[in-house]
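Colleague: Here you go, one structure.
In mature numbering (1 follows the signal peptide of the UniProt record, and there is no 0), the protein residues as written are -18 to -1, 1 to 290.
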């Protein structure tokens, strides 16, 4: 860029010098005695003597010399400009593509960051994924200390009531992802305390979208706990939002299937499902449960399980 500025400056200097020279010539010619005599009308021409003519001739000669000097300076500037252009043309041709390439990469990077920011704003609880290091999954799978430290940090975020809801939900989502990466159905840090913290947070959330995302996470938890089952029952009975009712029904059905290792707990959940199906005051609850069961065989199974 500095070479280009130098070339432009030299060009401007040459042009300025040329105009200056021509202005000087024009002014001197217009005011010289010779010019005065040339432009006067025949009736106004004076009778000048040989001395006057000699003086006019001398002035004309001086002006010609000045013009010649100015033209010589202009020619020198033009020659210098051409030499610089030839000398730096290769450098400029190399710089231009590099600068253009840098600009293109800068625009691409800016656009990618804009997309990431938009995605985070649209779905903040999964925005953490873009910030993870490239070797994150491999380290979670191969470095137990790293996986444990990350999971501990995530749980602390989940339990921290002073953090924004979106950040706590993102931590819960990442903790769940870690568990799936390790191909496990349970994780020490992913316990009822963490799930309860998210569930309690939904009671006072003003952002309905975040609230629904939080309940989606809770309804799909692999944690089996009687307290969680009762929370789902309460949502089915009291929640005015039909989608939340369906999430609660999914959560309760999931608790039933995952509690197979504990017959007593499975029996209690089966009794809760049957009671809601047969006695719920809201007919939508029965419709939601019927849709989840699929056919009469599931209903018959629940009846058998509830009777022990």
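Note that CB positions come from ideal geometry on N, CA and C, so glycine has one too. Small disclaimer: the values here were computed from a predicted structure and weren't measured.
Please return the same chain residues whose Cβ sits closer than 8 Å to the Cβ of residue 164, not counting the five positions on each side in sequence.
Modeller: The sequence position of residue 164 within the chain shown is 182, counting from 1. The answer, listed in chain order, is 122, 123, 129.
Colleague: Rounding to the nearest angstrom, what Cα-Cα distance links residue 274 and residue 237 in this structure?
Modeller: Here the question's residue 274 lines up with position 292 in the chain shown. Here the question's residue 237 lines up with position 255 in the chain shown. Near 13 Å, if we compare the C-alpha coordinates of residue 237 and residue 274.
Colleague: Relative to the C-alpha of residue 111, which candidate in 204, 248, 151 has its C-alpha closest?
Modeller: Taking the chain shown and counting its residues from 1, the one referred to as residue 111 is at position 129. Comparing Cα-Cα distances from residue 111 to each of 204, 248, 151, the minimum goes to 151.
Colleague: Go ahead and label residue 61 buried or exposed: buried means 16 or more other beta carbons lie within 10 angstroms of its beta carbon, across all protein chains shown.
Modeller: Numbered from 1 along the chain shown, position 79 holds the residue referred to as residue 61. Flag for residue 61 reads exposed.
Colleague: By Cβ distance, which residues of its chain are closer than 7 Å to residue 137, with the 5 residues on each side in sequence left out?
Modeller: For the purposes of this step, residue 137 is identified with residue 155 of the chain shown, where counting begins at 1. Closer than 7 Å at Cβ, skipping near neighbours: 157, 171, 176.
Colleague: Based on DSSP bridge pairs, tell me the residues matched to residue 172.
Modeller: Locating residue 172 in the chain shown gives position 190, where the first residue counts as 1. Paired residues: 169.
Colleague: If we ignore side chains and look at the alpha-carbon of each, how far apart do residue 107 and residue 282 end up?
Modeller: Translated into positions along the chain shown, residue 107 becomes position 125. Translated into positions along the chain shown, residue 282 becomes position 300. The alpha-carbon atoms of residue 107 and residue 282 are separated by roughly 39 Å.
Colleague: Is it true that the CB of residue 251 sits closer than 8 Å to the CB of residue 355?
Modeller: Nothing can be reported for residue 355, as the shown portion of the chain is limited to -18 through 290.
Colleague: Please state whether the Cβ-Cβ distance between residue 201 and residue 232 is less than 8 Å.
Modeller: Position 219 of the chain shown, counted from the first residue, corresponds to residue 201. Position 250 of the chain shown, counted from the first residue, corresponds to residue 232. Contact: yes.
Colleague: On the DSSP letters alone, give me the boundaries of the alpha helix (DSSP H) that residue 231 sits inside.
Modeller: Position 249 of the chain shown, counted from the start, is the residue given in the question as residue 231. Residue 231 -> alpha helix (DSSP H) spans 224 to 240.
Colleague: One question on the structure: do residue 288 and residue 249 come within less than 8 Å of each other, judged by their Cβ atoms?
Modeller: Against the chain shown, residue 288 aligns to sequence position 306. Against the chain shown, residue 249 aligns to sequence position 267. The answer is yes: Cβ separation under 8 Å.
Colleague: The alpha helix (DSSP H) spanning residue 114 covers which residue range?
Modeller: As a first step, residue 114 is located in the chain shown; it is residue number 132 there, counting from the start. Residue 114 -> no alpha helix (DSSP H), and no H or E assigned at all.
Colleague: For residue 92, count the other beta carbons within 10 Å of its own beta carbon; 16 or more makes it buried, fewer makes it exposed. Which is it?
Modeller: Taking the first residue of the chain shown as 1, we reach residue 92 at position 110. Its Cβ having fewer than 16 others within 10 Å, residue 92 is exposed.
Colleague: Give me, in chain order, the residues of the same chain whose beta-carbon lies closer than 6 Å to that of residue 153; leave out the 5 immediate sequence neighbours on both sides.
Modeller: The residue labelled residue 153 in the question sits at position 171 within the chain shown. These residues qualify, in order along the chain: 136, 139, 140.
Colleague: Since residue 208 contacts residue 247 with CB under 8 Å, what's their CB separation in whole angstroms?
Modeller: Here residue 208 refers to the residue found at position 226 of the chain shown. Here residue 247 refers to the residue found at position 265 of the chain shown. The pair is a contact, with the Cβ atoms about 6 Å apart (cut-off 8 Å).
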